[in-house]
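Here the structure comes first, spelled out in structure tokens, and everything after it is commentary.
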Amino acid sequence: MSDQPSHPRLSALVERAARRATHASAPVLALVHPCDRLALEVAVQMSASGLARPMLVGGRDLIRRAADDSAIEIDDFEIIATDPAPAVAAQHAAELARQGVVGALMKGSLHTDELMSAVVSKSAGLRTDRRISHAFLFDLPRYHKLLALADCVVNIQPDLKTKRDILSNALALLRQLGVSRPKVGIVAAVETVNPAIAATLDAQALVAMARDGAWPGAVIEGPFGFDNVISAEAARIKKIDSEVAGDPDLLLMPDLNAGNMLYKSFNYIGGGDCAGLVLGAKVPIVLTSRADSVPSRLASVALAVLATRSSTPDY
150 MSDQPSHPRL SALVERAARR ATHASAPVLA LVHPCDRLAL EVAVQMSASG
200 LARPMLVGGR DLIRRAADDS AIEIDDFEII ATDPAPAVAA QHAAELARQG
250 VVGALMKGSL HTDELMSAVV SKSAGLRTDR RISHAFLFDL PRYHKLLALA
300 DCVVNIQPDL KTKRDILSNA LALLRQLGVS RPKVGIVAAV ETVNPAIAAT
350 LDAQALVAMA RDGAWPGAVI EGPFGFDNVI SAEAARIKKI DSEVAGDPDL
400 LLMPDLNAGN MLYKSFNYIG GGDCAGLVLG AKVPIVLTSR ADSVPSRLAS
450 VALAVLATRS STPDY
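Here it is as structure tokens:
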């Protein structure tokens, strides 16, 4: 049996973040309401790997009880005790991020809306002038490099302005990862502009913005059908002359329905795994699902570390 990791590009991402942490103090990540085994295991793993220093934010008794029930040692971790209510832990963690005490936030065992409500609250001071969005970074066995996908989690039916922010956020992340000339395919049901399909009109408008210099250095094309953005041969057969086809770094999805189904297909049918971040706030935010693998969780922490510590200019 091979000793090679099943998702070597994500493993390399984790190694890269860990190496960076060895040259400076590891960033502090607030793990919000970590009151179950999965959340505490991530804290142990990120600490052991040197990726980040976990700060456990939540009800002290709940955290201690979860650690005891799971036989997980947490004495070496800093606990910021709050009221046991998850929403209170989220509010406190957001305040720590605003103060610069922590460089990133990570969802523990609370609901996503409890964490995100605290982040987007005006009082939290974590909003920027951009819409908050989400991006995944996939390691797919049949694709030759990491592939980003946005937005599959946060924005349900994004309009053109929101898509512009989703694209800006995802491109900024890719630049932070060292992708100096990201190639973007804007995905719709078809590859021709059809007034009856709003996503194709949005793609046309975004491409025009790119030509006008909205995202310097990026190559942005669309609309594409999924087949001809991911396969240069499919594009050739359809006589699509494209620099992006067969080689995208980022797929911009038309809406959450399409994005969510594609990302789950990548994982459950395509054999992929992924890291993911919420972007557009003043700190990166790691959202996790109970179905996420431990390597996926660690890769998401690594992504947050690289996004937090990079000085690459933003779009």
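With the first letter of the sequence shown counted as 1, position 22 gets the number 171 in my numbering; the numbers rise by one all the way through. Note that beta-carbon positions come from the ideal geometry of N, C-alpha and C, so glycine has one too.
My guess is that residue i and residue j are in contact by the Cβ rule of under 8 Å, so how many angstroms apart are they, rounded?
i      : j      : result
Ile315 : Leu180 : Not a contact, Cβ separation roughly 26 Å.
Val193 : Ile228 : No, Val193 and Ile228 are not in contact; Cβ-Cβ is about 14 Å, not under 8 Å.
Val450 : Val427 : Not quite, the Cβ-Cβ distance comes to about 13 Å (not below 8 Å), so this is no contact.
Ala230 : Arg209 : 4 Å
Val393 : Gly334 : 5 Å
Ala273 : Arg247 : 6 Å
Leu309 : Arg158 : Contact flag wrong, Cβ pair sits at about 32 Å.
Asp185 : Ala215 : 6 Å
Which value, in whole angstroms, describes the spacing of the CA atoms of residue i and residue j?
i      : j      : result
Ala188 : His283 : 20 Å
Asp217 : Gly249 : 31 Å
Arg330 : Val177 : 30 Å
Met410 : Tyr417 : 10 Å
Leu126 : Phe373 : The requested residue 126 is not part of the displayed model; the chain covers only 150 to 464.
Ile456 : Arg276 : A small fix is needed here, since residue 456 is Ala in this sequence, not Ile. The alpha-carbon atoms of Ala456 and Arg276 are separated by roughly 17 Å.
Ala166 : Leu452 : 8 Å
Arg280 : Ile389 : 32 Å
Asp232 : Gln240 : 11 Å
Leu355 : Leu200 : 36 Å
Met255 : Asp396 : 31 Å
Pro462 : Ser219 : Confidence at Pro462 is low in this model, with a pLDDT of 45, below 50, so the placement of that residue should be treated as unreliable; the coordinate-derived value is given next. Roughly 42 Å separates the two Cα atoms.
Ala253 : Glu244 : 12 Å
Arg313 : Asp225 : 43 Å
Arg169 : Pro183 : 26 Å
Ala347 : Val206 : 43 Å
Glu340 : Pro290 : 25 Å
Gly419 : Asp441 : 15 Å
Ala383 : Asp376 : 6 Å
Val328 : Gly371 : 20 Å
Pro203 : Pro433 : 15 Å
Tyr412 : Leu326 : 21 Å
Pro444 : Asp398 : 21 Å
Ile369 : Thr437 : 29 Å
Thr171 : Ser196 : 12 Å
His293 : Ser380 : 12 Å
Ser155 : Lys271 : 42 Å
Ala337 : Leu323 : 22 Å
Ser160 : Cys423 : 11 Å
Ala352 : Lys332 : 14 Å
Lys387 : Gly408 : 24 Å
Val454 : Phe285 : 15 Å
Leu405 : Gly425 : 15 Å
Leu131 : Ala175 : Residue 131 lies beyond the residue range present for the chain, which begins at 150 and ends at 464; the question has no answer from this structure.
Met358 : Gly429 : 20 Å
Ser151 : Ala242 : Because the pLDDT at Ser151 is just 43, under 50, the model does not fix this residue reliably, and the point stays unresolved.
Gly257 : Val342 : 43 Å
Asp288 : Glu164 : 15 Å
Arg385 : Thr311 : 31 Å
Pro344 : Ile223 : 57 Å
Arg439 : Asp278 : 31 Å
Between which two residues does the beta strand (DSSP E) holding residue i run?
i      : result
Phe373 : Val368 to Phe373
Lys332 : Lys332 to Val336
Terminal residues of the continuous alpha helix (DSSP H) containing residue i?
i      : result
Val356 : Ala347 to Arg360
Gln325 : Leu309 to Gln325
Contact criterion: CB-CB distance below 8 Å. Does residue i meet it with respect to chain C?
i      : result
Val378 : Note that chain C does not occur in the displayed structure, where there is just one protein chain.
Ordered list of alpha helix (DSSP H) runs contained in the region 171 to 256, each at least 4 residues
186 to 198, 209 to 219 and 235 to 248
Is the region 317 to 329 close to the region 290 to 301, with three or more CB pairs under 8 Å?
Under the Cβ criterion (8 Å, minimum of three pairs), the region 317 to 329 counts as touching the region 290 to 301.
Contact between the region 356 to 364 and the region 254 to 261 is defined here as three or more beta-carbon pairs at a separation below 8 Å; is this criterion met?
no
Just list the beta strand (DSSP E) runs in the region 268 to 296, keeping only unbroken ones of 3 residues or longer that don't cross its boundaries, in chain order.
282 to 288
If you scan the region 365 to 430 from start to end, which runs of the alpha helix (DSSP H) of 4 or more residues do you find wholly inside it?
375 to 379, 381 to 386 and 405 to 417
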